[in-house]
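Take a look at the structure set out below.
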Amino acid sequence: AQSVTQLDSQVPVFEEAPVELRCNYSSSVSVYLFWYVQYPNQGLQLLLKYLSGSTLVKGINGFEAEFNKSQTSFHLRKPSVHISDTAEYFCAVSDHQAGTALIFGKGTTLSVSS
Amino acid sequence: GAGVSQSPRYKVAKRGQDVALRCDPISGHVSLFWYQQALGQGPEFLTYFQNEAQLDKSGLPSDRFFAERPEGSVSTLKIQRTQQEDSAVYLCASSSMLGQRTDTQYFGPGTRLTVL
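Note that the protein sequences, when read in sequence, are chains F and Y. The first sequence maps to residues 4 to 117 in this note's numbering. The second sequence maps to residues 141 to 256 in this note's numbering.
Right, dumping it as C-alpha cells:
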C-alpha cells in the first residue's frame, strides 16, 4: 500500500532563511502529489500539486516543489521564509489503488522566528 | 464563495454517547470526503461520496461509524457509542469533479471531538 514519509516532524528556521521540507512516498506508479498547509484553527489549504509534465512545480506564497521519480521524493522549498509561514505542512499522494482518497504524511511543523 | 463549513467546531462527548458531525461542502461540488486526524498525525481517509452515493467506505474504523449524504449536498458523520480512541479532528473536504484523482480537495476547518 502507498505510504508517505515526512522525514522531519519539526523544522525551526529564522526569518528570511531558505527552507526545505522533505517528503518521500513508497511507489512511483501513476501517482499525483500534493502539498497542503494548515494554519492554526483553519482547514488544510492546497499549496501546490504535481500531476504531470515539468518536475518543478510552483505554488502559492512563493513555495515550489520538485518531483523526483527515481528518488520517489517531492520536497517542498522556499528561498526566503516569513513569520507568517509558520504552520503545519502536509505532503499527500493519490494513486490508483487509493482511488480518489489522499494519503497524507504525518506533517512537518515549520516554525519561523525573527 | 463560501468554503467548506463544518459544525460543531468542538464537541465533547461522554463515552458511550452518540454524536453527529455536519459538513456543508462548497456549493455544486459533487465529491465529498471525510478524514480523521488524530493528534500529531496526518489526516486519514474515512469515506467518499459522489453526489448522494457512498462509493467508498473502506476507511471507516468500525460499524459504529456511519456517514450519509441524502440529497447530495450536506453530509453527516455519525459515531455511535463513542470511545476514547474516537477522539480526533474530523475533516470534511469537497471537490468539483467526479472522482478525479487530479482534482483539488477543499477542506473545512474540522470538528474536534473529545471523548471523556
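Even for Gly, the Cβ is constructed at its ideal location relative to N, Cα and C. Computed from a prediction, not measured in an experiment: that's the story for all the values here.
Counting pairs of Cβ atoms below 8 Å between the stretch 56-73 of chain F and the stretch 4-16 of chain F, do you hit three or more?
-> no
Spatial distance of K61/F from F185/Y (CA atoms) = Reading the first sequence from its first residue, position 58 is the one you call residue 61/F. Reading the second sequence from its first residue, position 45 is the one you call residue 185/Y. Between K61/F and F185/Y, the C-alpha separation is close to 27 Å.
Span separating the alpha-carbon of G212/Y from that of V170/Y = Taking the second sequence and counting its residues from 1, one reaches residue 212/Y at position 72. Taking the second sequence and counting its residues from 1, one reaches residue 170/Y at position 30. Taking the straight line joining both Cα atoms gives about 7 Å.
Contacts that V144/Y makes with chain F (C-beta to C-beta distance below 8 Å) = Walking along the second sequence from the start, residue 144/Y turns up at place 4. Neighbours of V144/Y on chain F, chain order: G46.
Answer yes or no: does any C-beta atom of chain Y fall closer than 9 Å to that of S97/F?
-> Taking the first sequence and counting its residues from 1, the one referred to as residue 97/F is at position 94. Cβ-Cβ to chain Y under 9 Å: yes for S97/F.
Closer than 7 Å at the beta carbon, the chain Y residues around L49/F | Reading the first sequence from its first residue, position 46 is the one you call residue 49/F. Ordered by position in chain Y, the residues that pass the 7 Å Cβ test against L49/F are T244.
Other residues of its chain near G156/Y: CB distance less than 7 Å, five sequence neighbours each side excluded = As a position in the second sequence, residue 156/Y is number 16, starting the count at 1. Cβ within range, chain order: R221, T222.
Do three or more CB pairs link the stretch 157-168 of chain Y to the stretch 75-87 of chain F at distances below 8 Å?
-> no
Over what stretch of residues does the beta strand (DSSP E) that includes I219/Y continue unbroken?
-> Start at 1 with the first residue of the second sequence, and residue 219/Y comes out as number 79. Run containing I219/Y: 215-219, per the beta strand (DSSP E) assignment.
Tell me, please, whether the CB atom of T75/F is closer than 9 Å to any CB atom in chain Y?
-> Taking the first residue of the first sequence as 1, we reach residue 75/F at position 72. T75/F does not count as touching chain Y.
In angstroms with no decimal places, state the Cα-to-Cα distance between S126/F and V255/Y.
-> Because chain F in this structure spans residues 4 to 117, residue 126/F falls outside the shown range and cannot be described.
Per DSSP, what kind of secondary structure is S87/F in: helix, strand or coil?
-> Walking along the first sequence from the start, residue 87/F turns up at place 84. S87/F falls in the helix class under three-state DSSP.
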